[in-house]
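Let me begin by presenting the structure, written as structure tokens, before commenting on it.
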Amino acid sequence: MSERMSNPSSSPGTVDTGAWDGLGDKKDAFLETKSATNPARRIGTPEDIAQAVLFALTNTFMTGVSLAVDGGQPLV
4 MSERMSNPSS SPGTVDTGAW DGLGDKKDAF LETKSATNPA RRIGTPEDIA QAVLFALTNT
64 FMTGVSLAVD GGQPLV
């Protein structure tokens, strides 16, 4: 088989994007609370997700994987 098959997906945790802007004045408090309860002790960034997806796309031995990019949140 000469063609490489790669179907990675990402399963991000809480990421600081404009999606949270609808919380208005409560956004910062929400993100601080999520950060405090996350094992990584921070909220993800779009760059965190991009780095994980880039890794999956450029790894020639990885196929069909879903990457949890969530700072360990399910461990809590």
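Be aware that the sequence shown starts at 4, since it is given in our numbering, and climbs by one per residue.
Glycine included, each C-beta is placed from N, C-alpha and C at the ideal position.
These numbers were taken from a predicted model, which means no experiment stands behind them.
| Check | Outcome |
| --- | --- |
| Cβ distance (whole Å) where Met-8 is taken to contact Thr-48 below 8 Å | Between Thr-48 and Met-8 the Cβ distance is about 29 Å, and since that is not below 8 Å, they are no contact. |
| beta-carbon Gly-25 near the ligand MN non-hydrogen atom, thresh 7 Å | For the ligand MN, the structure offers nothing, since it holds no ligand at all. |
| Under the three-state DSSP convention, the category Met-4 falls into | Note that Met-4 scores 48 on pLDDT, short of 50, meaning its location in the model is unreliable; the coordinates nonetheless yield the value given after this. Reduced to three states, the DSSP call for Met-4 is coil. |
| Whole-angstrom distance between Thr-63 and Gly-27, CA atom to CA atom | 43 Å |
| Cβ separation of Asp-51 and Val-72, assumed to be a contact under 8 Å, to the nearest whole Å | 6 Å |
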